[in-house]
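A short write-up of the structure that comes next.
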Amino acid sequence: MWMSDLDHMIAYSVAALASGDQNRIQSLVRDLAEDWPAQSALTVSFALTSAAAELEGPSIEDQDAANSAYRLAALVAADVMAIEAMGQSNAKTTHLLQFWQRVDPYFIKTAGPQFIPSL
1213 MWMSDLDHMI AYSVAALASG DQNRIQSLVR DLAEDWPAQS ALTVSFALTS
1263 AAAELEGPSI EDQDAANSAY RLAALVAADV MAIEAMGQSN AKTTHLLQFW
1313 QRVDPYFIKT AGPQFIPSL
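Using the numbering used here, you'd call the opening residue of the sequence shown number 1213 and step up by one each time.
Spelled out as structure tokens, the structure:
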């Protein structure tokens, strides 16, 4: 079965978030941007939102994973808005990586236990 890049990004996100492995979760957004450099930057946010929808379930672990994905998607969308406000139209994931290196290192820094913002 053929899968689009977006399908792969969603599957990758679901696997990382469902694993509960904080190292995988901490690097998830950066990995998406690095592994799919030609994608629209908003595709990262959409993939995370889609993964969150797939993860929603009755257990606390499911809800925690889904909530983390929604928060990460919102942060990525905010970064895309900032990039576009600085004059870059149709931002790609490579622009996200540049933005994180120059302006906001949140997704590229070594993350501690508080990496994913809580409610």
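Here a beta-carbon is modelled for each residue, glycine too, at the ideal position from N, C-alpha and C. In this text the structure is predicted, and so the values were computed from the model without any measurement.
>> Could you tell me the alpha carbon to alpha carbon distance between residue 1304 and residue 1273, rounded to whole angstroms?
In response: Counted from its first residue, the sequence shown places residue 1304 at position 92. Counted from its first residue, the sequence shown places residue 1273 at position 61. Distance between the alpha carbons of residue 1304 and residue 1273 is about 32 Å.
> Is there contact here, the segment 1269-1286 with the segment 1307-1315, by at least three beta-carbon pairs under 8 Å?
Replying inline: Counting Cβ pairs under 8 Å, fewer than three are found: no touch.
> Can you name the start and end residues of the alpha helix (DSSP H) that residue 1295 belongs to?
Replying inline: Here residue 1295 is taken as the residue at index 83 of the sequence shown, counted from 1. The continuous alpha helix (DSSP H) containing residue 1295 extends over residues 1272-1297.
> Taking buried to mean at least 16 other C-beta atoms within 10 Å of its own C-beta, is residue 1242 buried or exposed?
Replying inline: As a first step, residue 1242 must be located in the sequence shown, where it is residue number 30. Taking every protein chain shown into account, the CB of residue 1242 has 16 or more other CB atoms within 10 angstroms, so this residue is buried.
> In the segment 1224-1276, which residue ranges form an unbroken alpha helix (DSSP H) of at least 4 residues, counting only runs that do not cross its ends?
Replying inline: The qualifying runs are 1234-1247, 1253-1267.
>> In the DSSP assignment, the alpha helix (DSSP H) including residue 1310 goes from what residue to what residue?
In response: Against the sequence shown, residue 1310 aligns to sequence position 98. Run containing residue 1310: 1305-1314, per the alpha helix (DSSP H) assignment.
> Considering only C-alpha positions, which residue in the set 1314, 1302, 1262 is nearest to residue 1218?
Replying inline: Residue 1218 sits at position 6 when you count from the first residue of the sequence shown. The option with the nearest alpha carbon to residue 1218 is 1262.
>> Going by beta-carbon coordinates alone, are residue 1225 and residue 1277 separated by less than 7 Å?
In response: Position 13 of the sequence shown, counted from the start, is the residue given in the question as residue 1225. Position 65 of the sequence shown, counted from the start, is the residue given in the question as residue 1277. No, the Cβ-Cβ distance between residue 1225 and residue 1277 is not below 7 Å.
>> Quick check: what's the CA-CA separation for residue 1229 versus residue 1294?
In response: Translated into the one-based positions of the sequence shown, residue 1229 becomes position 17. Translated into the one-based positions of the sequence shown, residue 1294 becomes position 82. Their backbone Cα atoms lie some 26 Å apart in a straight line.
> CA-CA distance, residue 1296 and residue 1317?
Replying inline: As a working note, residue 1296 is residue 84 in the sequence shown. As a working note, residue 1317 is residue 105 in the sequence shown. Looking at the two C-alpha atoms, the distance is approximately 17 Å.
>> Considering Cα atoms alone, identify which of 1238, 1221, 1234, 1279 is closest to residue 1249.
In response: In the sequence shown, residue 1249 corresponds to position 37, counting from 1. Selected option, being the one with the closest Cα: 1221.
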